Structure formats: structure tokens, C-alpha cells
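Using the working numbering, the letters of the sequence shown correspond one by one to residues 5 to 182. Okay, so here's the structure we're looking at.
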Amino acid sequence: MNPCCCMSLRTGGMIIGVLEIILFALGFVTYGGTVAGMAYAHSLNSTALEHALNQTKITVGDSDPMQVTDYQGIFVICTLMTVVCLVQLLVGIILVVGIKKESLTLLKTWMGVKCLALMLSGAMMIVSMQHKFSDASSVITDFLTVMIGIYCFVVVFCLAQEYKKGGNGSTVALHRKT
5 MNPCCCMSLR TGGMIIGVLE IILFALGFVT YGGTVAGMAY AHSLNSTALE HALNQTKITV
65 GDSDPMQVTD YQGIFVICTL MTVVCLVQLL VGIILVVGIK KESLTLLKTW MGVKCLALML
125 SGAMMIVSMQ HKFSDASSVI TDFLTVMIGI YCFVVVFCLA QEYKKGGNGS TVALHRKT
């Protein structure tokens, strides 16, 4: 069995699940609040919206601060991110419940969604690098995020293998005999 940072796979998996719940709950609240705020500003009038967008100093490439027409793109992206955060939040809950109940089916559900999320994140990172949508720091951040996601996937995969063998993932093997 492979330990997770000198802890049992079960403990490591539980930490991963709890951190996902916390981070994606924060993301859901942040993006959801942004969507609600943008919808409210748009309902007031276009002058108020233009003023609000100019106050945020958001720029696209070398262009001037965003015009009202750019609002729709940001609104769509924030709405999609709200949905993604909600799905990931629910999947994080599934992971915690799956570990508590030692359910291989729930762990496989988490692994399937995480695999899809990692593929999408990797593809988005490659596209943004090719089209120069982002600077070096965001590429490094995206890369580290994908690598951490892969590590989390491997931990849960190893835990699922342990459950499959009939173990409960609670022991830590620090030394292996060869």
C-alpha cells in the first residue's frame, strides 16, 4: 500500500475530500455572487453597468477597460464556473461519503469526474499557452493545479484499489520489504 504524505490513504483521501468541499464552496459563493451582482447591475441600466465595469479595471489584452458588450462573455464564464464549482462541491461530498462508507462505487464516481476535470484543465492550459491568453505565472499556477489534481487522483485510486482488495486503507506502510 502507498501512504499519502506519511498518513493512511483513508486519512489522505478524507483530507482531499474536505479541502475540495471547502475550496469549491468558496468558489461557488464567489462566482455565484459575481453572477448575481452582474445580473443586478445589468438590470439597473447600461450606464451603471458600464461604470461598475470601468471601476473594476478589467482589461482584455491591450484594449481599454471593458465596454458593456464584454459583459456577456464574463457573465457566461462566471455562470459556467458557478456550475462547475457546484458540481465539484457535490463530488467532494461524494468522496467524503464514499470514504466513510468504504464505497468503491462512490470513489469511482469521484475518480470519473476528477479525470474529466483534469482533462479539461489540461486542455484549457494548453489552449491558453498556444494562444497566449495568459502570462507565465498563470501557466505555472495552472500546471501546479493539474499536478496536485493528478496526485489527489492517484491517492483516491490507490485507496479504491485497497478497498477492492478488502482492506480499509487505514494502515500506513512506511517501509517495504523487497
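Idealized CB from N, CA, C, for every residue including glycine. Since this is a predicted model, take the numbers as computed values, not measurements.
So, is Gln92 buried or exposed, given that buried needs 16 or more other C-beta atoms within 10 angstroms? So Gln92 counts as buried.
Indicate whether Val212 and Met115 have their beta-carbon atoms separated by less than 8 Å. No information on residue 212 is available, as it lies outside the stretch 5 to 182 that the chain covers here.
Rounded C-alpha distance that separates Gly17 from Leu48: 46 Å
Would Ser141 be called buried (16 or more neighbouring beta carbons within 10 Å of its own) or exposed? Within 10 angstroms of the beta-carbon of Ser141 lie fewer than 16 other beta-carbons, which makes it exposed.
Roughly how many angstroms lie between the CA atoms of Gly96 and Tyr75, to the nearest whole one? 31 Å
Spatial neighbours of Gly102 in its chain, beta-carbon cut-off 6 Å, leaving aside the 5 residues before and after: Taken in chain order, the residues that qualify are Leu110, Leu111.
Is it buried or exposed for Lys118, if we count other Cβ within 10 angstroms and need 16 for buried? buried
Go through its chain and collect everything with a Cβ distance to Tyr35's Cβ below 7 Å, but skip five positions before and after it. Around Tyr35: Cys82, Met85, Thr86, Cys89.
Please state the DSSP three-state secondary structure of Lys104. helix
Which of the three DSSP states, helix, strand or coil, is assigned to Lys169? DSSP places Lys169 outside both helix and strand once states are collapsed to three, so it counts as coil.
Can you grab the Cα-Cα spacing for the pair Ile78 / Thr38, in whole Å? 10 Å
Is the beta carbon of Leu122 less than 8 Å from the beta carbon of Ile152? no
Measure the CB-CB distance between Val143 and Met133 and report whether it falls below 8 Å. yes
How would you label Thr73, buried or exposed, when you count the other beta carbons within 10 angstroms and need 16 or more for buried? At Thr73 the pLDDT is 49, less than 50, meaning the model places this residue with poor confidence and gives no usable figure here.
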